[in-house]
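Trainee: Have a look at this one before I ask anything.
2 protein chains.
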Amino acid sequence: MKQSIGAQPLLYPTPVLVVCTFDGVGKPNAMTVAWGGICCSKPPCVSISLRKATYSYHHILERKAFTINIPGDKYLSHADYFGSVSGKNEDKFLTTGLTPVKSTLVDAPYIDEFPMILECHMIHSIEIGLHTQFIGEILDIKADDSCLDSEQVPLIERIRPVLYAPGVRAYYGIGNKLADAYSTKKEKFTEKVVEGKHLK
Amino acid sequence: MKQSIGAQPLLYPTPVLVVCTFDGVGKPNAMTVAWGGICCSKPPCVSISLRKATYSYHHILERKAFTINIPGDKYLSHADYFGSVSGKNEDKFLTTGLTPVKSTLVDAPYIDEFPMILECHMIHSIEIGLHTQFIGEILDIKADDSCLDSEQVPLIERIRPVLYAPGVRAYYGIGNKLADAYSTKKEKFTEKVVEGKHLK
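So the protein sequences, as listed, match chains G and B.
When you line the first sequence up against our numbering, it's residues 12 to 211, in that order.
When you line the second sequence up against our numbering, it's residues 12 to 211, in that order.
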């Protein structure tokens, strides 16, 4: 039996993405967002949503650039801290000791220690409400050698990304591989119906 | 050491979301997307990206409505099938035996068997490239009783959502809870530096 629980921003899973920018004087900053995802395959684009009140908001608009840094569970506490305080008040790279690297492709820094990063040129901004969505074209992805297979495909088991569960406001790890995509044939269901095991 | 692996649509994790619509003659259809996520808290909104070539694309534009259905791992093969074939050629509800329920809030159906669904009114469409992004305002969420705690908050352990890993094109489950969000204090890192255990 389904219960109506009202209009809320809930979805499972949401990613844990650390967004890095340079501020007005070129100081690197990092903030964490869970409102985001891939939004186009060609050109490859990613979207993130930020409140106007955040320190990063104006820097993305001004520099038309940001990086997405995927923490891996080893750096979950860093990501959590980045999402808990504002760069207006604290130098988050100084506090954590993480290493900002200036991208050669976009006017933004990335985090050297994180296993995978996306360098993005902002191509759209959409005012939705409390949040503004920025769409960034992914100009390059850089990943640690140790996270790539022999064909340079990133392996999720080695990146060990984390996910965020809104509602209960908690982080979770990645579980086991369940299946290869695009592997289910129509016959799977037809057989069930024929056998009288129709799902409902 | 970081390797440049080029401009690609890769991010971890991405969600597995089944998008339901009515077609031109009111037949319910379901397709699966991994390009999407929450994009605003107030009003609560979710974004999904579809190629123009999909059967659902025009129905979302025409009816300004869609639902997002979170499969849970029990229905992973259904979600995979929904993402593998087009509603132009097959009646996917008939094939799978799943039950379409007409939303009373938006002009779209949802899947009765799935543990959690979002009813969305399309408020923006953004042409990005191969994909068009639709932003839907979430008018209501409905979840199975059995997935809610005593305060009607959905529990991810009971929903058992799945995630998609692009690149290797595989589905994964949800792992263990790692931490509560917003729990990391600045002092955690200060102590490390003082103790000479600076991260890099």
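From the three backbone atoms N, C-alpha and C, an ideal C-beta is built for every residue, glycine too.
So which residues of chain B does G:Phe104 contact, with C-beta pairs closer than 9 Å?
Mentor: Reading the first sequence from its first residue, position 93 is the one you call residue 104 of chain G. Going along chain B, no residue has its Cβ under 9 Å from G:Phe104, so there is no contact; the nearest lies around 10 Å.
Trainee: So which residues on chain B does G:Ile71 lean against when the C-beta distance must stay under 9 Å?
Mentor: Walking along the first sequence from the start, residue 71 of chain G turns up at place 60. Ordered by position in chain B, no residue passes the 9 Å Cβ test against G:Ile71, which lies about 15 Å from the chain.
Trainee: Does any residue of chain B have a CB that is nearer than 9 Å to the CB of G:Tyr53?
Mentor: Here residue 53 of chain G refers to the residue found at position 42 of the first sequence. The amino acid occupying residue 53 of chain G in the given sequence is Lys; Tyr does not appear at that position. Cβ-Cβ to chain B under 9 Å: yes for G:Lys53.
Trainee: Using a Cβ cut-off of 9 Å, pull out every chain G residue sitting near B:Tyr175, in sequence order please.
Mentor: As a working mapping, residue 175 of chain B is identified with position 164 in the second sequence. The contacting residues are Ala192.
Trainee: For the pair the stretch 181 to 192 of chain G and the stretch 177 to 190 of chain B, tell me if three or more CB-CB distances fall below 8 Å.
Mentor: yes
Trainee: Indicate whether at least one CB of chain B lies closer than 9 Å to the CB of G:Lys197.
Mentor: Translated into positions along the first sequence, residue 197 of chain G becomes position 186. By this cut-off, G:Lys197 is an interface position.
Trainee: Contact check, B:Leu116 vs B:Asp155 under 8 Å by CB: the rounded distance?
Mentor: Reading the second sequence from its first residue, position 105 is the one you call residue 116 of chain B. Reading the second sequence from its first residue, position 144 is the one you call residue 155 of chain B. That pair is no contact at about 18 Å.
Trainee: Grab me the residues of B:Gly47's own chain with a C-beta within less than 7 Å of its C-beta, minus the 5 sequence neighbours each way, in chain order.
Mentor: Sequence index remark: in the second sequence, residue 47 of chain B carries index 36 (1-based). So the list reads Pro26, Leu28, Val57, Ser58, Ile59 and Ser60, once near-sequence residues are dropped.
Trainee: Going by the beta-carbon positions, is the gap between B:Asp160 and B:Gly98 smaller than 9 Å?
Mentor: Taking the second sequence and counting its residues from 1, the one referred to as residue 160 of chain B is at position 149. Taking the second sequence and counting its residues from 1, the one referred to as residue 98 of chain B is at position 87. No, these two residues do not count as a Cβ contact at 9 Å.
Trainee: Label B:Asp91 either buried or exposed according to how many other C-beta atoms from any shown protein chain fall within 10 Å of its C-beta, with 16 as the threshold for buried.
Mentor: Translated into positions along the second sequence, residue 91 of chain B becomes position 80. That one is buried.
Trainee: Label B:Ala76 either buried or exposed according to how many other C-beta atoms from any shown protein chain fall within 10 Å of its C-beta, with 16 as the threshold for buried.
Mentor: Along the second sequence, one-based indexing puts residue 76 of chain B at 65. Classification for B:Ala76: buried.
Trainee: Flag this pair as touching only if the stretch 63 to 73 of chain G and the stretch 94 to 108 of chain G have three or more C-beta atom pairs under 8 Å; answer yes or no.
Mentor: yes
Trainee: Mind pulling the chain G residues with CB within less than 8 Å of B:Met12?
Mentor: For the purposes of this step, residue 12 of chain B is taken as the residue at position 1 of the second sequence. Neighbours of B:Met12 on chain G, chain order: Asp155 and Asp156.
Trainee: Any C-beta of chain B sitting closer than 9 Å to the C-beta of G:Tyr92?
Mentor: As a first step, residue 92 of chain G must be located in the first sequence, where it is residue number 81. Judged by the 9 Å Cβ criterion, G:Tyr92 is in contact with chain B.
Trainee: Closer than 8 Å by beta-carbon distance: list the chain B residues that pair up with G:Ile152, in chain order.
Mentor: Position 141 of the first sequence holds residue 152 of chain G. Going along chain B in sequence order, the residues near G:Ile152 (Cβ under 8 Å) are Ser15, Ile16, Gly17, Ala18, Gln19 and Leu21.
Trainee: Quick one: Cα of G:Pro172 to Cα of G:Lys153, how far?
Mentor: Mapped onto the first sequence, residue 172 of chain G falls at position 161. Mapped onto the first sequence, residue 153 of chain G falls at position 142. Distance between the alpha carbons of G:Pro172 and G:Lys153: 15 Å.
Trainee: Using alpha carbons as the reference points, say which of G:Arg74, G:Leu129, G:Val36 and G:Ala45 lies closest to G:Leu21.
Mentor: Here residue 21 of chain G refers to the residue found at position 10 when the first sequence is read from its first residue. Measuring from the Cα of G:Leu21, the nearest candidate turns out to be G:Ala45.
Trainee: According to DSSP, is G:Glu110 part of a helix, a strand, or is it coil?
Mentor: Position 99 of the first sequence, counted from the first residue, corresponds to residue 110 of chain G. Checking the sequence, you will find Thr at residue 110 of chain G rather than Glu. Three-state DSSP puts G:Thr110 in coil, outside helix and strand.
Trainee: Our contact map puts G:Gly108 next to G:Met42 with C-beta atoms below 8 Å; I'd like the distance itself, whole angstroms only.
Mentor: Here residue 108 of chain G refers to the residue found at position 97 when the first sequence is read from its first residue. Here residue 42 of chain G refers to the residue found at position 31 when the first sequence is read from its first residue. Wrong, their Cβ atoms sit about 17 Å apart, outside the cutoff.
Trainee: List, in order along the chain, the chain B residues whose C-beta lies closer than 8 Å to that of G:Pro251?
Mentor: Limits of chain G in this structure are 12 at one end and 211 at the other, which puts residue 251 of chain G out of reach.
Trainee: For G:Ala90, does the three-state DSSP call read helix, strand or coil?
Mentor: By 1-based counting over the first sequence, the position of residue 90 of chain G is 79. It is helical.
Trainee: When the cut-off is 9 Å and only beta carbons count, does G:Thr78 lie next to chain B?
Mentor: On the first sequence, position 67 is the one that residue 78 of chain G refers to. By this cut-off, G:Thr78 is not an interface position.
Trainee: Using only alpha-carbon positions, find the residue among G:Ile185, G:Leu87, G:Thr32 and G:Phe200 that is nearest to G:Glu214.
Mentor: Since the first residue shown for chain G is 12 and the last is 211, residue 214 of chain G is missing from the structure and cannot be characterised.
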